[in-house]
Structure formats: C-alpha cells, structure tokens
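S.K.:
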Amino acid sequence: MEFTLWDSAGQENYDRLRTLSYPDTDVIILCFSIAYPDSFENVRDKWISEIKEFCPETPVILVGLKKDLRADPTLVRTLRQRRQQPVKTEAGRAMAKDIKAACYLECSVSKQYLITLPRPFGRGLALA
C-alpha cells in the first residue's frame, strides 16, 4: 500500500491554495483537538462544507487529537473559565454521524494512544 498525507493549513490566507490539494483525494482524515473546542466547531462551521464542495464522494474519517488532555486538570480548569470543556467522545461520535463520516477515532501521541484505520481504509495501518 502506498499513500501520501497532505497537512493543509486552515488560515484564510491559504483557502485558495488548499483547494489545489483536493483532486484525486481517496480519503480525508479530518482532525480536531479534543483540548480545543473551537477546532471541533470548525469541523461543522468550516471544514465539512469545503470538503463536500470539492470532494463530495470522498470518505471522511473524523479524528479527535490530544485524547490524553481530556482529563488534564489544568486544561479543564482553563476551559471552565471560558465556559468550555474538552470535547467528549460522545460529541465526536455525534459529529461524525452528522457529517456522515465513515468513522470517528481518537488518539494521542504523548500517551501512545494510536489508532488503526478500519477496513476499507487499511487493515493494520497505524497513525499517531
């Protein structure tokens, strides 16, 4: 199996350039930070509409990053002061269902919570 990963920038300055990476895309791995609820909201507010416009038939895998920080007391306290909280697994699953993602996964590099992509995306292909 051969694959290429493209990490695209989310800033407005890169909007036109980013769309050049969409042709011939076989699967989109759409990531957000569990520790940063605003990035989760961007899945619906920014990313999924762009993906549906440029890759309407391409499967999407929704991935929550930084799973280990969900229980970090400092982060929880900081988010609480902003009337926010880390993104819960149930919210990620609900978002995946809403955007019709093929699946929802969570991972963390620092705690070695790696993910294995389900079939048909690649049996045994682990991503950090």
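If you want my numbering, it's the position in the sequence shown, counting the first as 1, plus 1048. Glycine is no exception: its CB is placed at the ideal position from the N, C-alpha and C atoms.
Taking the alpha helix (DSSP H) that I1109 belongs to, which residues open and close that run?
M.R.: Within the sequence shown, residue 1109 is the residue found at index 61, counting from 1. From DSSP, I1109 is part of no alpha helix (DSSP H) but of the beta strand (DSSP E) over V1108 to L1113.
S.K.: Below 8 Å on the Cβ atoms is my guess for D1116 versus S1087; work out the distance and round it to an integer in Å.
M.R.: As a first step, residue 1116 must be located in the sequence shown, where it is residue number 68. As a first step, residue 1087 must be located in the sequence shown, where it is residue number 39. So it is not a contact: roughly 16 Å between Cβ atoms.
S.K.: Quickly, what does DSSP pair F1102 with across the bridge? List them, please.
M.R.: Along the sequence shown, read from residue 1 onward, the residue named residue 1102 stands at position 54. Answer by DSSP bridge pairing: none, since F1102 is not bridged.
S.K.: In the DSSP assignment, find the beta strand (DSSP E) that holds T1078 and state where it starts and stops.
M.R.: If you number the sequence shown from 1, residue 1078 lands on position 30. The amino acid at residue 1078 is misidentified as Thr; the sequence shows Leu. Element bounds for L1078: I1076 to S1081.
S.K.: Out of T1052, I1096, G1112 and P1071, which one is the CA nearest neighbour of Y1152?
M.R.: Locating residue 1152 in the sequence shown gives position 104, counting from the first residue. Selected option, being the one with the closest Cα: G1112.
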